[in-house]
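Novice: Here's a structure for you.
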Amino acid sequence: MSCKPDDKSGWDTDWLIPVFSTELGVREIAGDEYVQTDSDGLLRIVVSEEVLNFNLQDDLLQIPDTSLTYFFNLDSLLQGGKYAHGSYFSGNASTLFTVIDIQESTTYDLDGPEITFVRIKEGQITVEMSSTISDSLFFEYSLPAATDDNGNPLFLETVLPPPGASGTVSKSEIFDISGFNLNLKGPQNNQFNTFQQILKGKIRAQSPIGIIQPTDSLRITYKIQNIVPEYVKGYLGSDTISSDLEVLDTEVFDIVKSGKLFLEAAAINLRVENGFGIEGEVIVNKLKAIGRGQQVELSSAQLQQGLSISRALDNPFIVGKSNLNLDEQNSNLNLFLQTLPQTIEYDFDVLINPSMNLFNYQDFAYLNSELKVFMDLEIPLAIKLESLMLIDTIDFNPEEIARELRGLETGKLHLITDNSFPLDFSITVAFLNENGDVLKEYFKGMQAIGAEPGPDCKTEESKRSLLSAPLSKEDIEIWKNVEKAVVIATLNTPVSTFCNDNFVRLYDNNKLKVKLTADFKYNSGSLF
261 MSCKPDDKSG WDTDWLIPVF STELGVREIA GDEYVQTDSD GLLRIVVSEE VLNFNLQDDL
321 LQIPDTSLTY FFNLDSLLQG GKYAHGSYFS GNASTLFTVI DIQESTTYDL DGPEITFVRI
381 KEGQITVEMS STISDSLFFE YSLPAATDDN GNPLFLETVL PPPGASGTVS KSEIFDISGF
441 NLNLKGPQNN QFNTFQQILK GKIRAQSPIG IIQPTDSLRI TYKIQNIVPE YVKGYLGSDT
501 ISSDLEVLDT EVFDIVKSGK LFLEAAAINL RVENGFGIEG EVIVNKLKAI GRGQQVELSS
561 AQLQQGLSIS RALDNPFIVG KSNLNLDEQN SNLNLFLQTL PQTIEYDFDV LINPSMNLFN
621 YQDFAYLNSE LKVFMDLEIP LAIKLESLML IDTIDFNPEE IARELRGLET GKLHLITDNS
681 FPLDFSITVA FLNENGDVLK EYFKGMQAIG AEPGPDCKTE ESKRSLLSAP LSKEDIEIWK
741 NVEKAVVIAT LNTPVSTFCN DNFVRLYDNN KLKVKLTADF KYNSGSLF
């Protein structure tokens, strides 16, 4: 007598396992960063985007480098031949004779701006010299219009020593002029972009070394460069700055795949923060919503008039603020938003000082001054819905599913919903493969019943719905290729409600919680 295992042995058992759970609230639907709560708990979607920004140095004013080069032939320089060739300077060794005395005005070409004052945050003066004169040269450079905080004018001294055996000596020095105040009204105080430079060159009488030959020469270059203004004043020019055509990805409606959304109220606010002492105007050339195969351009009489830009104030500094508010009363904003825009195209022009020098050289700007244009979209969630479809995606691990499915014969899927929205949801759960193809749909058209609002039109408790769907042996094979599950929820506003003229108000406690479980029948023999 012998015994052997029965290959067909085994027993059937029922297993209940969780498949997935998810939660849909307004914050999950729109994105938490876009949702704000009123004092009474009413939710509103708020999207604020900076659509234009320019600053002083990059967009409005750049102070160019300047360079002055002088080349002297000493035969012609010494007062028209007053001193004979090869002559000695009389006097003792400490006597300095001025051989160069130049006063020259320099005017910046700033391509529009007419500046009368600059406080220099950073900058340098570079002096480059070369000489064949066989004696030391003493140079003085002054910029009378540039003063430090104590009122002392900028004054620089340097010495060029005699040349060595090569016959030519060269020298370069850099002087820091950070922190100086530069008056650009010119020597007569009646100009702009203009300053005077004074250069003096002297030679010491040290007979017989100090002989100046007619072929001797001197070259000197002064460069004012790398000027970064901390503050400027004057007339900042008249200009037009364009955003060109830009595209804003809204993201807030991404989870909404189809249907219609009607709003009780909404607003778009075009807001300007102006850190410059300039006037201006924002011209909206285009503001178009694009979504779900629809395109709607925002139109309003106020848009056609433009938005005036208020000047910033100085001493104390106060940012100039202005805004243009558009709503369903003065624009087609509701139609604009019914596209559920995925992108918004916009094209703005900013006119700088369109009235030219209206404030008579009283414009000003700081280094960190910015002019910013914001577009704020605000949607209080008092809404009507028509077949509005929301989609939430859950990722699966195929290997884990394969392990769970070993031995599975038949079963049921159970969808448990706890709905605190005052709306019924039509639920579909779809399973997808790695290519996004739908393999199987369950619960199609079944309802997750909404909660009952109280006298204040708010819901306090959620409503639970239990939905079931059979799971066949064929489904088991399909599930082996599942990569994702998609919960599709379709919403409609009730036909009749006593609340707010049929507009449903959504609050922070409104959630749709979805849990999917599977009640499987296993054959235990296939588990080993």
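Numbering (the numbering used here), first residue to last: 261 to 788. From the three backbone atoms N, C-alpha and C, an ideal C-beta is built for every residue, glycine too.
How far does the alpha helix (DSSP H) with Glu288 in it extend, from its first residue to its last?
Specialist: Along the sequence shown, one-based indexing puts residue 288 at 28. Its alpha helix (DSSP H) spans residues Val286 to Ala290.
Novice: Three-state secondary structure (DSSP) at Ala561?
Specialist: Here residue 561 is taken as the residue at index 301 of the sequence shown, counted from 1. The three-state secondary structure of Ala561, taken from DSSP, is helix.
Novice: Output yes or no for whether 8 Å exceeds the beta carbon distance between Asn534 and Arg571.
Specialist: Residue numbering aside, residue 534 sits at position 274 when the sequence shown is read from its first letter. Residue numbering aside, residue 571 sits at position 311 when the sequence shown is read from its first letter. Yes, the Cβ-Cβ distance between Asn534 and Arg571 is below 8 Å.
Novice: By the three-class DSSP mapping on this structure, what secondary structure does Asn583 have?
Specialist: Residue mapping note: residue 583 aligns to position 323 of the sequence shown, counting from 1. Strand, per DSSP.
Novice: Measuring only the C-alpha atoms, how far is Lys644 from Glu720?
Specialist: The count along the sequence shown starts at 1 and reaches residue 644 at position 384. The count along the sequence shown starts at 1 and reaches residue 720 at position 460. Each residue's alpha carbon lies about 21 Å from the other.
Novice: Taking 6 Å as the limit between beta carbons, can you name the residues of its chain near Asp499, skipping five residues before and five after?
Specialist: In the sequence shown, the residue the question calls residue 499 occupies position 239. Around Asp499: Ile612.
Novice: Quick one: any contact between the segment 555-563 and the segment 588-603, if contact means 3 or more CB pairs under 8 Å?
Specialist: yes
Novice: Quick one: using the 10 Å Cβ neighbour count with 16 as the cut-off for buried, is Glu539 buried or exposed?
Specialist: Taking the sequence shown and counting its residues from 1, one reaches residue 539 at position 279. Around the beta-carbon of Glu539, 16 or more other beta-carbon atoms lie within 10 Å, marking it buried.
Novice: I want to know whether the segment 415-426 touches the segment 443-455 - three or more CB-CB distances under 8 Å.
Specialist: no
Novice: Skipping 5 residues on each side, what residues in its chain have a beta carbon closer than 8 Å to that of Asn313?
Specialist: Here residue 313 refers to the residue found at position 53 when the sequence shown is read from its first residue. Answer for Asn313: Glu630, Leu631, Lys632 and Val633, listed in chain order.
Novice: So which of Phe536, Val544 and Leu675 has the shortest CA-CA distance to Leu573?
Specialist: The sequence position of residue 573 within the sequence shown is 313, counting from 1. Checked all of Phe536, Val544 and Leu675; the closest Cα to Leu573 is Phe536.
Novice: So what's Gln317 in DSSP terms, helix, strand or just coil?
Specialist: Translated into positions along the sequence shown, residue 317 becomes position 57. Three-state DSSP puts Gln317 in a helix.
Novice: Closer than 8 Å is the cut-off here; do at least three beta carbon pairs connect the segment 316-326 with the segment 547-555?
Specialist: no
Novice: Write down the C-beta distance between Thr599 and Val307 rounded to the nearest angstrom, noting that I regard them as a contact closer than 8 Å.
Specialist: Against the sequence shown, residue 599 aligns to sequence position 339. Against the sequence shown, residue 307 aligns to sequence position 47. In fact, because the Cβ distance is near 14 Å, the residues do not count as touching under 8 Å.
Novice: Starting from Glu638 and walking both ways along the alpha helix (DSSP H), at which residues does that stretch end?
Specialist: Your numbering for residue 638 matches position 378 in the sequence shown. Looking at the DSSP string, Glu638 is not in any alpha helix (DSSP H); the run it does join, the beta strand (DSSP E), is Glu630 to Pro640.
Novice: Does the Cβ of Val698 have 16 or more other Cβ atoms within 10 Å, making it buried, or fewer, making it exposed?
Specialist: Looking up residue 698 in the sequence shown gives position 438. Exposed, by the Cβ-count rule.
Novice: Can you tell me whether DSSP reads Phe440 as helix, strand or coil?
Specialist: By one-based count along the sequence shown, residue 440 stands at place 180. Residue state, collapsed to three classes: coil.
Novice: Who pairs with Ala527 in a beta bridge, going by DSSP?
Specialist: As a first step, residue 527 must be located in the sequence shown, where it is residue number 267. Asp587 and Glu638, per the DSSP bridge assignment.
Novice: So, at 6 Å on beta carbons, what are the nonlocal neighbours of Ile484 in its own chain, with the 5 sequence-adjacent residues on each side left out?
Specialist: The residue you call residue 484 lines up with position 224 of the sequence shown. These residues qualify, in order along the chain: Thr326 and Ile385.
Novice: The alpha helix (DSSP H) spanning Leu593 covers which residue range?
Specialist: As a working note, residue 593 is residue 333 in the sequence shown. Run containing Leu593: Leu593 to Leu597, per the alpha helix (DSSP H) assignment.
Novice: Looking only at C-alpha atoms, which of Lys744, Tyr495 and Tyr294 sits nearest to Val378?
Specialist: If you number the sequence shown from 1, residue 378 lands on position 118. Comparing Cα-Cα distances from Val378 to each of Lys744, Tyr495 and Tyr294, the minimum goes to Tyr495.
Novice: Give me the Cα-Cα distance between Asp779 and Phe596, rounded to the nearest whole angstrom.
Specialist: In the sequence shown, the residue the question calls residue 779 occupies position 519. In the sequence shown, the residue the question calls residue 596 occupies position 336. Whole-angstrom Cα-Cα distance: 47 Å.
Novice: Compute the Euclidean distance between the alpha carbons of Gly383 and Ile362, then round it to the nearest angstrom.
Specialist: By 1-based counting over the sequence shown, the position of residue 383 is 123. By 1-based counting over the sequence shown, the position of residue 362 is 102. Rounded to whole angstroms, Gly383 to Ile362 spans 23 Å at the Cα level.
Novice: Note the first and the last residue of the continuous beta strand (DSSP E) segment covering Lys546.
Specialist: In the sequence shown, counting from the first residue as 1, residue 546 sits at position 286. Per DSSP, Lys546 belongs to the beta strand (DSSP E) from Gly540 to Gly551.
Novice: Any idea what DSSP makes of Lys733, helix, strand or coil?
Specialist: To locate residue 733, count along the sequence shown from 1; it is residue 473. Residue state, collapsed to three classes: helix.
Novice: Suppose the cutoff is 6 Å on Cβ atoms and the five residues either side in sequence are ignored; what does the same chain contact list for Asn529 look like?
Specialist: Mapped onto the sequence shown, residue 529 falls at position 269. These residues qualify, in order along the chain: Asn583, Asn585 and Asp636.
Novice: Ala425 to Asn333, Cα distance in whole Å?
Specialist: Here residue 425 refers to the residue found at position 165 of the sequence shown. Here residue 333 refers to the residue found at position 73 of the sequence shown. Within the model, the alpha-carbon separation for Ala425 versus Asn333 is close to 20 Å.
Novice: Roughly how many whole angstroms lie between the Cα atoms of Glu588 and Ala526?
Specialist: Translated into the one-based positions of the sequence shown, residue 588 becomes position 328. Translated into the one-based positions of the sequence shown, residue 526 becomes position 266. Taking the straight line from one Cα to the other gives about 7 Å.
Novice: Which complete alpha helix (DSSP H) runs does the segment 458-519 hold, if anything under 4 residues is left out?
Specialist: Annotation note: the segment 458-519 contains no uninterrupted alpha helix (DSSP H) run of length 4 or greater.
Novice: With H, G and I counted as helix, E and B as strand and the rest as coil, what does DSSP make of Tyr368?
Specialist: As a working note, residue 368 is residue 108 in the sequence shown. Note: Tyr368 maps to coil in three-state DSSP.
Novice: In angstroms, rounded to a whole number, what distance separates the CA positions of Ile469 and Phe399?
Specialist: Within the sequence shown, numbered from 1, the residue matching residue 469 stands at position 209. Within the sequence shown, numbered from 1, the residue matching residue 399 stands at position 139. Low confidence applies to Ile469: its pLDDT is 46, below 50, so where it sits in the model is not reliable, and the reading given next is rough at best. Each residue's Cα considered, the two are about 19 Å apart.
Novice: Would you identify the three-state DSSP class for Glu669, choosing helix, strand or coil?
Specialist: Taking the first residue of the sequence shown as position 1, residue 669 is located at position 409. Correct three-state label for Glu669: strand.
Novice: Using DSSP with H/G/I as helix, E/B as strand and the rest coil, what is Ile709?
Specialist: Mapped onto the sequence shown, residue 709 falls at position 449. Of the three classes helix, strand and coil, the one that applies to Ile709 here is coil, per DSSP.
Novice: So, using beta-carbon positions, are Asn679 and Phe685 closer together than 8 Å?
Specialist: Taking the sequence shown and counting its residues from 1, the one referred to as residue 679 is at position 419. Taking the sequence shown and counting its residues from 1, the one referred to as residue 685 is at position 425. Against a cut-off of 8 Å, the Cβ pair of Phe685 and Asn679 comes out as a contact.
Novice: Out of curiosity, what's the CA-to-CA distance linking Leu414 and Glu310?
Specialist: The residue you call residue 414 lines up with position 154 of the sequence shown. The residue you call residue 310 lines up with position 50 of the sequence shown. Answer to the nearest angstrom: the Cα atoms are 42 Å apart.
Novice: Which term fits Asp504, buried or exposed, when burial requires 16 or more other beta carbons within 10 angstroms of its beta carbon?
Specialist: As a position in the sequence shown, residue 504 is number 244, starting the count at 1. So Asp504 ends up on the exposed side.
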